[in-house]
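Counting from 11, one number per residue, gives the positions in the sequence shown under this note's numbering.
Ideal Cβ positions, reconstructed from N, Cα and C, are used throughout, including at glycine.
Quantities reported herein were computed from a predicted structural model and do not represent experimental measurements.
Contents: one structure, followed by commentary.
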Amino acid sequence: MDSSQPEGDVSVQSSSAKETQIIAIYGKGGIGKSFTLSNLSYMMAQQGKRVLLIGCDPKSDTTSLLFGGRACPTIIDTAARKKQAGEQVEIGDVCFKRGGVFAMELGGPEVGRGCGGRGIIHGFEILEKLGFHEWGFDYVLLDFLGDVVCGGFGLPIARDLCQKVIVVGSNDLQSLYVVNNVCSAVEYFRRLGGNVGVAGIVINKDDGTGEAQAFAKAADIPILASIPANEDIRRKSANYQIVAHPDGEWGPLFAELATQVAEAPPRHPNPLSQDDLLGLFTSEEVGRDVVLEPATQEDMHGGLIVKKPSLEVIYDDV
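Put into structure tokens, the structure is as follows:
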């Protein structure tokens, strides 16, 4: 409620007038973004929030855990099918709900038959026609693939489509490499006048070795939650079971994550150089004790090079 409103007056705010937090979540494929987001969105809904979860990954698996292993019809495929039939896409064709969470998948082209990033852009064009900017949600969570540097996947950062970015990583070099790249992209567009910042990192499958914590400290981003490498979580996730029940073992963890996601402000990250990123790991793990030995032309030819006279005609300076 607006603090400037006169005391005693009662106003009813339509849901479409709500200020929506649009948050883009990035991370390496397989790091657990879909697991994290399905449970996070479920917890937020249990707390009384209106949440829309949008899968922006060509694998179209963001919502599979939320829907108990069922595939959700994608916006791209549905739009193509409807167009062929001369019909319009309706919201009920592509958006589904469970436990108070509304969810959909953008989808993408078949393997080798198109550009995934262009598919993302086309998907958002369809969402705009369906009224995306007039919908009344407290939170819109966008699940993006972080491995690909294509501009389509960087759409929320490049065009200020979201207010903040959250990254998901673990204690391994590959996932932190992706997280660092996302931080670099955020800073690049900030220098060009963008407003998106990084709200923090969720450490998934945390085995306690500490590399992700060290990265967060070096990159100057907060840790929003550490989800342990736990057999119960792994087993339930593999069986498409939600673990973020308020009265369950993992309820408090996701309740705290929901609070952190809602309140953490966007901030300037400090992306690491390649050497600094490798420096988070011991030399035995990354082979940092190797000395770079320059190659020679003899190496490239597999032996001695037989010099041939040049046929180039060189004219004396006039």
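Counting C-beta pairs with one atom in each stretch, the stretch 259-279 and the stretch 61-75 have fewer than three that are closer than 8 Å, which means they do not touch. Counting other Cβ atoms within 10 Å of its Cβ, N249 stays below 16 and is therefore classed as exposed. Its chain contains V212 and L267 as the residues whose beta carbon lies nearer than 6 Å to that of A235, once the 5 sequence neighbours on both sides are disregarded; these appear in chain order.
Annotation: the continuous beta strand (DSSP E) that includes D153 extends over Y149 to L155. In this structure, the CA atom of P281 is about 47 Å from the CA atom of V316. Leaving aside the five residues that flank I233 on each side, the residues in its chain whose CB is nearer than 7 Å to its CB run, in chain order, G210, I211, I213, Q223 and A226.
The C-alpha of G102 lies about 19 Å from the C-alpha of G78. Remark: fewer than three beta-carbon pairs, one from each stretch, lie closer than 8 Å, so the stretch 236-255 and the stretch 277-292 are not flagged as touching. Cβ-Cβ distances below 7 Å link I35 to K43, L47, L151, L152, D153, F154, I176 and V178 in the same chain, with the five nearest sequence neighbours on each side left out; the list follows chain order.
With respect to the 8 Å criterion, T73 and L62 are not classified as neighbours on the basis of their beta carbons.
Under the three-state reduction of DSSP output, Y52 falls in the helix class. Short of 7 Å from the beta carbon of F291, and not among the five residues preceding or following it, lie these beta carbons of its own chain, in chain order: L183 and E221. Taking G261 as the centre and dropping the five residues before and after it, the same chain places the C-beta of A254 and H255 closer than 7 Å to its C-beta, in chain order.
Sequence-distant Cβ neighbours of P166 in its own chain, meaning closer than 8 Å and more than five residues away, are I32, A34, L152, F154, C172, V175 and V206. In this structure, L137 is the residue among L137, Q56, G39 and M53 with its C-alpha nearest to the C-alpha of I86. Around N49, the same chain offers I252, V253, A254 and F264 as residues with beta carbons nearer than 7 Å, after the five sequence neighbours per side are excluded. Counting the other Cβ atoms within 10 Å of the Cβ of T306 gives fewer than 16, which makes it exposed.
Contact between G37 and V188 holds: CB atoms are separated by about 6 Å, below the 8 Å threshold. Take V104, set aside five residues on each side of it, and the residues of its chain with a beta-carbon closer than 7 Å to its own are P83, I85, T88 and M114, in chain order.
The C-alpha of D257 is placed about 37 Å away from the C-alpha of G164.
Nearest to T219 by C-alpha distance, out of R201, V192, S180 and R200, is S180.
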